[in-house]
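Each residue of the sequence shown is one higher than the one before, starting from 315 at the first, in our numbering.
C-beta: ideal position from N, C-alpha, C; glycine also.
Here the structure is a predicted model, which is why all the values come from computation and not from measurement.
What follows is one structure encoded as C-alpha coordinates, with my remarks underneath.
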Amino acid sequence: MEHLLYLLARAFLAFIQALPVGWVARLGRWGGGLAFWVDARHRRMALKNLTRCFGHEKSPAEIRAIAKENFRRLGEVYACAMKGMAMNDAQLRTIFSVKGGEAVRAVDAEGKLVNRVFTGGHFGNFELANRMSALIPGYQAVATYRGIRPPKLDQLVYRMRTVSGNILVDRRTGADDLKRAMSEGGKLLILASDQADRSGGLELPFLGHYAWTTRAPVILAMRYKCVIFVPICYRVGLGKWVLEIGEPIRMEENGKRRSVEDLMRDINTALEAGVRRDPANWFWVHDRWKTKDKKPPRAVE
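Dropping the structure here:
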(Lines of atoms letter the chains of each structure in order from A; the text may use other names.)
(Lines give C-alpha, C1' and ligand atoms only; values in the text may rest on other atoms or scores of the structure.)
Protein backbone atom coordinates (compact mmCIF):
# COMPACT_ATOMS: atom_id res chain seq x y z
CA MET A 315 0.00 0.00 0.00
CA GLU A 316 2.82 2.38 0.86
CA HIS A 317 4.49 1.80 -2.51
CA LEU A 318 1.20 2.30 -4.35
CA LEU A 319 0.55 5.56 -2.51
CA TYR A 320 4.05 6.73 -3.42
CA LEU A 321 3.52 5.91 -7.11
CA LEU A 322 0.18 7.70 -7.17
CA ALA A 323 1.75 10.78 -5.57
CA ARG A 324 4.60 10.74 -8.09
CA ALA A 325 2.17 10.42 -11.00
CA PHE A 326 -0.02 13.27 -9.75
CA LEU A 327 3.03 15.46 -9.13
CA ALA A 328 4.33 14.78 -12.65
CA PHE A 329 0.91 15.66 -14.09
CA ILE A 330 0.77 18.99 -12.22
CA GLN A 331 4.33 19.91 -13.11
CA ALA A 332 3.72 19.26 -16.82
CA LEU A 333 0.93 21.87 -17.00
CA PRO A 334 1.36 25.63 -17.57
CA VAL A 335 1.32 27.53 -14.30
CA GLY A 336 -1.94 29.33 -15.17
CA TRP A 337 -3.72 26.01 -15.64
CA VAL A 338 -2.23 24.74 -12.39
CA ALA A 339 -3.51 27.81 -10.51
CA ARG A 340 -7.01 27.42 -11.94
CA LEU A 341 -7.05 23.70 -11.20
CA GLY A 342 -5.94 24.41 -7.63
CA ARG A 343 -8.65 27.03 -7.15
CA TRP A 344 -11.25 24.60 -8.46
CA GLY A 345 -10.00 21.92 -6.06
CA GLY A 346 -10.06 24.37 -3.17
CA GLY A 347 -13.62 25.36 -4.01
CA LEU A 348 -14.61 21.70 -4.04
CA ALA A 349 -12.90 21.18 -0.68
CA PHE A 350 -15.01 23.97 0.81
CA TRP A 351 -18.11 21.86 0.23
CA VAL A 352 -16.59 18.43 0.94
CA ASP A 353 -14.35 19.14 3.95
CA ALA A 354 -16.98 20.04 6.56
CA ARG A 355 -14.54 19.97 9.51
CA HIS A 356 -12.17 22.58 8.10
CA ARG A 357 -15.04 24.63 6.67
CA ARG A 358 -16.58 24.88 10.14
CA MET A 359 -13.21 25.83 11.62
CA ALA A 360 -12.66 28.60 9.07
CA LEU A 361 -16.15 30.01 9.61
CA LYS A 362 -15.74 29.82 13.38
CA ASN A 363 -12.39 31.63 13.31
CA LEU A 364 -13.60 34.32 10.90
CA THR A 365 -16.73 34.92 12.94
CA ARG A 366 -14.64 35.22 16.12
CA CYS A 367 -12.40 37.86 14.55
CA PHE A 368 -14.74 39.73 12.21
CA GLY A 369 -18.26 38.88 13.35
CA HIS A 370 -18.71 42.36 14.82
CA GLU A 371 -17.93 44.09 11.53
CA LYS A 372 -18.88 41.67 8.74
CA SER A 373 -22.15 39.93 7.91
CA PRO A 374 -22.46 36.11 7.86
CA ALA A 375 -22.64 36.27 4.05
CA GLU A 376 -19.39 38.27 3.89
CA ILE A 377 -17.66 35.87 6.28
CA ARG A 378 -18.80 32.87 4.24
CA ALA A 379 -17.52 34.51 1.04
CA ILE A 380 -14.10 35.10 2.66
CA ALA A 381 -13.97 31.47 3.83
CA LYS A 382 -14.86 30.18 0.37
CA GLU A 383 -12.20 32.35 -1.26
CA ASN A 384 -9.74 31.21 1.39
CA PHE A 385 -10.29 27.57 0.40
CA ARG A 386 -9.82 28.45 -3.28
CA ARG A 387 -6.56 30.21 -2.48
CA LEU A 388 -5.28 27.30 -0.42
CA GLY A 389 -5.94 25.00 -3.38
CA GLU A 390 -4.09 27.45 -5.62
CA VAL A 391 -1.20 27.61 -3.15
CA TYR A 392 -0.67 23.86 -2.86
CA ALA A 393 -1.03 23.26 -6.60
CA CYS A 394 1.36 26.08 -7.53
CA ALA A 395 3.80 24.97 -4.82
CA MET A 396 3.98 21.57 -6.52
CA LYS A 397 4.52 23.29 -9.86
CA GLY A 398 7.06 25.66 -8.34
CA MET A 399 9.24 22.83 -7.09
CA ALA A 400 9.92 21.87 -10.71
CA MET A 401 10.85 25.45 -11.69
CA ASN A 402 14.40 26.71 -11.76
CA ASP A 403 15.20 29.92 -9.91
CA ALA A 404 14.57 32.20 -12.90
CA GLN A 405 11.21 30.57 -13.61
CA LEU A 406 10.21 30.79 -9.97
CA ARG A 407 10.78 34.54 -9.97
CA THR A 408 8.06 34.90 -12.63
CA ILE A 409 5.42 33.84 -10.08
CA PHE A 410 7.02 34.74 -6.74
CA SER A 411 8.83 38.01 -6.08
CA VAL A 412 10.26 39.88 -3.10
CA LYS A 413 9.72 43.48 -2.05
CA GLY A 414 12.19 44.95 0.42
CA GLY A 415 14.89 42.33 0.09
CA GLU A 416 17.61 44.98 0.22
CA ALA A 417 16.82 45.53 3.93
CA VAL A 418 17.85 41.95 4.70
CA ARG A 419 21.40 41.98 3.41
CA ALA A 420 24.14 42.88 5.90
CA VAL A 421 27.73 41.77 6.41
CA ASP A 422 29.92 41.38 9.46
CA ALA A 423 33.44 42.70 9.97
CA GLU A 424 34.82 39.84 7.87
CA GLY A 425 32.48 40.59 4.97
CA LYS A 426 30.32 37.52 5.61
CA LEU A 427 26.53 37.76 5.32
CA VAL A 428 24.97 37.79 8.78
CA ASN A 429 22.12 35.46 9.71
CA ARG A 430 18.50 36.64 9.82
CA VAL A 431 15.27 35.23 11.24
CA PHE A 432 12.11 35.36 9.13
CA THR A 433 9.03 34.73 11.24
CA GLY A 434 5.94 35.23 9.14
CA GLY A 435 3.15 32.75 8.94
CA HIS A 436 0.74 30.97 6.65
CA PHE A 437 0.04 33.84 4.26
CA GLY A 438 -0.19 33.64 0.48
CA ASN A 439 1.99 30.91 -0.97
CA PHE A 440 3.68 29.96 2.30
CA GLU A 441 4.82 26.65 0.76
CA LEU A 442 7.26 28.50 -1.50
CA ALA A 443 9.03 30.06 1.49
CA ASN A 444 11.44 27.14 1.27
CA ARG A 445 12.66 28.62 -2.03
CA MET A 446 13.89 31.79 -0.36
CA SER A 447 17.44 31.04 -1.49
CA ALA A 448 16.28 31.77 -5.05
CA LEU A 449 14.71 35.08 -4.10
CA ILE A 450 17.36 36.71 -1.89
CA PRO A 451 20.71 35.91 -3.57
CA GLY A 452 23.60 34.95 -1.32
CA TYR A 453 21.45 33.66 1.51
CA GLN A 454 20.55 30.05 2.18
CA ALA A 455 17.16 29.27 3.70
CA VAL A 456 16.92 27.09 6.80
CA ALA A 457 13.49 25.81 7.81
CA THR A 458 12.16 23.31 10.29
CA TYR A 459 9.82 20.49 9.35
CA ARG A 460 8.08 17.48 10.80
CA GLY A 461 8.19 14.25 8.82
CA ILE A 462 5.06 12.56 7.50
CA ARG A 463 4.09 8.96 6.88
CA PRO A 464 4.67 6.78 4.97
CA PRO A 465 8.47 7.26 4.75
CA LYS A 466 8.59 7.13 0.94
CA LEU A 467 6.08 9.95 0.70
CA ASP A 468 8.08 11.89 3.27
CA GLN A 469 11.20 11.49 1.13
CA LEU A 470 9.33 12.78 -1.92
CA VAL A 471 8.11 15.87 -0.06
CA TYR A 472 11.59 16.43 1.38
CA ARG A 473 13.14 16.41 -2.11
CA MET A 474 10.50 18.86 -3.33
CA ARG A 475 11.21 21.26 -0.48
CA THR A 476 14.99 21.24 -0.84
CA VAL A 477 15.19 21.74 -4.60
CA SER A 478 16.81 25.19 -4.19
CA GLY A 479 19.56 23.85 -1.97
CA ASN A 480 17.91 25.07 1.22
CA ILE A 481 18.28 23.21 4.52
CA LEU A 482 15.42 21.41 6.27
CA VAL A 483 15.88 20.54 9.93
CA ASP A 484 13.61 18.10 11.78
CA ARG A 485 12.15 20.14 14.62
CA ARG A 486 12.11 17.10 16.94
CA THR A 487 15.66 15.81 16.47
CA GLY A 488 17.59 18.45 14.53
CA ALA A 489 18.95 20.78 17.23
CA ASP A 490 22.57 19.95 16.38
CA ASP A 491 21.90 20.32 12.65
CA LEU A 492 20.37 23.75 13.23
CA LYS A 493 23.28 24.88 15.39
CA ARG A 494 25.75 23.75 12.74
CA ALA A 495 23.89 25.51 9.94
CA MET A 496 23.54 28.80 11.83
CA SER A 497 27.24 28.81 12.71
CA GLU A 498 28.14 29.15 9.02
CA GLY A 499 26.57 32.58 8.40
CA GLY A 500 24.49 33.73 5.45
CA LYS A 501 21.38 31.89 6.67
CA LEU A 502 17.69 32.86 6.68
CA LEU A 503 16.05 30.91 9.49
CA ILE A 504 12.36 30.62 8.56
CA LEU A 505 9.93 30.00 11.42
CA ALA A 506 6.13 30.26 11.42
CA SER A 507 4.71 32.04 14.46
CA ASP A 508 0.98 31.98 13.70
CA GLN A 509 0.00 28.54 15.04
CA ALA A 510 -1.08 27.55 18.54
CA ASP A 511 1.65 26.55 21.02
CA ARG A 512 0.06 25.48 24.31
CA SER A 513 3.13 23.64 25.60
CA GLY A 514 5.70 26.41 26.01
CA GLY A 515 4.07 29.44 24.48
CA LEU A 516 2.88 32.81 25.74
CA GLU A 517 -0.81 33.75 25.92
CA LEU A 518 -0.87 36.98 23.92
CA PRO A 519 -3.51 39.03 22.08
CA PHE A 520 -4.12 38.10 18.46
CA LEU A 521 -6.99 39.49 16.40
CA GLY A 522 -9.04 40.44 19.43
CA HIS A 523 -8.59 37.26 21.49
CA TYR A 524 -5.79 35.73 23.53
CA ALA A 525 -3.91 32.96 21.75
CA TRP A 526 -1.03 30.72 22.78
CA THR A 527 1.97 32.02 20.85
CA THR A 528 5.33 30.37 20.31
CA ARG A 529 8.50 31.90 21.78
CA ALA A 530 10.76 30.12 19.28
CA PRO A 531 11.48 32.99 16.83
CA VAL A 532 12.70 35.30 19.59
CA ILE A 533 14.56 32.61 21.53
CA LEU A 534 16.43 31.45 18.42
CA ALA A 535 17.08 35.01 17.23
CA MET A 536 18.68 35.80 20.59
CA ARG A 537 20.62 32.54 20.63
CA TYR A 538 22.10 33.12 17.18
CA LYS A 539 22.31 36.95 17.48
CA CYS A 540 19.90 37.60 14.60
CA VAL A 541 17.59 40.43 13.64
CA ILE A 542 13.94 39.41 13.18
CA PHE A 543 11.86 40.26 10.12
CA VAL A 544 8.13 39.53 9.73
CA PRO A 545 7.60 39.05 5.98
CA ILE A 546 4.05 38.66 4.68
CA CYS A 547 3.24 36.93 1.38
CA TYR A 548 0.35 38.46 -0.59
CA ARG A 549 -1.47 37.16 -3.65
CA VAL A 550 -1.25 39.69 -6.48
CA GLY A 551 -2.89 37.73 -9.31
CA LEU A 552 -3.67 34.25 -10.61
CA GLY A 553 -0.70 32.09 -9.63
CA LYS A 554 1.38 35.12 -8.56
CA TRP A 555 2.59 36.27 -5.14
CA VAL A 556 4.87 38.90 -3.64
CA LEU A 557 6.69 38.63 -0.31
CA GLU A 558 6.76 42.00 1.46
CA ILE A 559 9.56 42.02 4.02
CA GLY A 560 9.32 45.40 5.72
CA GLU A 561 11.50 46.75 8.50
CA PRO A 562 13.09 44.50 11.15
CA ILE A 563 11.67 44.18 14.64
CA ARG A 564 13.46 46.48 17.09
CA MET A 565 15.43 44.12 19.35
CA GLU A 566 16.63 46.69 21.92
CA GLU A 567 15.22 49.67 23.77
CA ASN A 568 17.29 52.25 25.66
CA GLY A 569 20.35 50.10 25.10
CA LYS A 570 18.80 47.00 26.65
CA ARG A 571 17.47 43.85 25.02
CA ARG A 572 13.67 43.80 24.93
CA SER A 573 11.79 40.94 26.59
CA VAL A 574 10.59 37.86 24.73
CA GLU A 575 6.98 38.84 25.43
CA ASP A 576 7.39 42.37 24.06
CA LEU A 577 9.03 41.10 20.88
CA MET A 578 6.36 38.45 20.33
CA ARG A 579 3.67 41.11 20.81
CA ASP A 580 5.27 43.14 18.01
CA ILE A 581 5.37 40.05 15.81
CA ASN A 582 1.68 39.34 16.48
CA THR A 583 0.85 42.96 15.66
CA ALA A 584 2.61 42.65 12.30
CA LEU A 585 0.77 39.41 11.55
CA GLU A 586 -2.56 40.99 12.49
CA ALA A 587 -1.95 43.79 10.01
CA GLY A 588 -1.35 41.21 7.29
CA VAL A 589 -4.58 39.39 8.09
CA ARG A 590 -6.66 42.58 8.13
CA ARG A 591 -5.20 43.79 4.85
CA ASP A 592 -6.43 40.68 3.01
CA PRO A 593 -8.49 38.32 5.23
CA ALA A 594 -8.82 35.58 2.59
CA ASN A 595 -5.02 35.36 2.41
CA TRP A 596 -4.44 33.69 5.80
CA PHE A 597 -4.75 30.08 7.03
CA TRP A 598 -8.18 30.13 8.70
CA VAL A 599 -8.57 26.34 8.72
CA HIS A 600 -6.18 26.01 11.69
CA ASP A 601 -7.47 26.21 15.28
CA ARG A 602 -5.31 29.19 16.22
CA TRP A 603 -7.21 29.90 19.45
CA LYS A 604 -6.84 26.55 21.22
CA THR A 605 -7.00 26.80 24.98
CA LYS A 606 -5.61 24.53 27.67
CA ASP A 607 -8.97 24.00 29.34
CA LYS A 608 -10.98 23.72 26.08
CA LYS A 609 -12.98 26.81 27.04
CA PRO A 610 -13.47 29.68 24.53
CA PRO A 611 -10.48 32.03 24.33
CA ARG A 612 -10.59 35.23 26.37
CA ALA A 613 -11.48 38.38 24.45
CA VAL A 614 -9.05 41.28 24.62
CA GLU A 615 -10.65 44.12 26.58
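- For Gln454, the uninterrupted beta strand (DSSP E) segment begins and ends at Gln454 to Tyr459.
- DSSP lists Val456 as the beta-bridge partner residues of Ile481.
- Counting along the chain, the unbroken alpha helix (DSSP H) around Glu390 starts and ends at Pro374 to Gly398.
- Under the DSSP assignment, Gly342 falls in the alpha helix (DSSP H) whose first and last residues are Val335 to Val352.
- Using a 10 angstroms sphere on the CB of Arg602, the tally of other CB atoms reaches 16 or more, which defines it as buried.
- Boundaries for Arg572: no beta strand (DSSP E) harbours it, and the DSSP string shows neither H nor E there.
- Taking 4 residues as the minimum length, the alpha helix (DSSP H) runs contained wholly in the segment 467-526 are 489-496, in order along the chain.
- For Leu319, the CB contacts under 7 Å within the same chain, skipping 5 residues up- and downstream, are Pro464 and Leu467 in chain order.
- Between the segment 380-395 and the segment 432-445, the count of C-beta pairs closer than 8 Å reaches three or more; the two stretches touch.
- Exclusion of the five residues before and after Ala506 leaves Gly435 as the residues of its chain whose Cβ lies within less than 6 Å of its Cβ.
- Ala420 has its alpha-carbon roughly 23 Å from the corresponding atom of Asn568.
- Note that the segment 474-482 does not touch the segment 328-340; fewer than 3 beta-carbon pairs, one per stretch, sit closer than 8 Å.
- Considered as a whole, the segment 527-564 harbours 530-537 as its complete alpha helix (DSSP H) runs of no fewer than 4 residues, in chain order.
- Under DSSP, the beta-bridge partners assigned to Arg430 are Leu502 and Val541.
- Boundaries of the beta strand (DSSP E) harbouring Phe410: Phe410 to Lys413, taken from the DSSP string.
- In this structure the segment 509-526 touches the segment 362-369; the number of beta carbon pairs closer than 8 Å is three or more.
- In this structure Ser447 is buried. Its beta-carbon is surrounded by 16 or more other beta-carbon atoms within 10 angstroms.
- Taking every protein chain shown into account, the CB of Ile462 has fewer than 16 other CB atoms within 10 angstroms, so this residue is exposed.
- Ranked by how close their Cα comes to the Cα of Val589, the residues Leu492, Pro610, Asp508 and Leu348 have Asp508 in first place.
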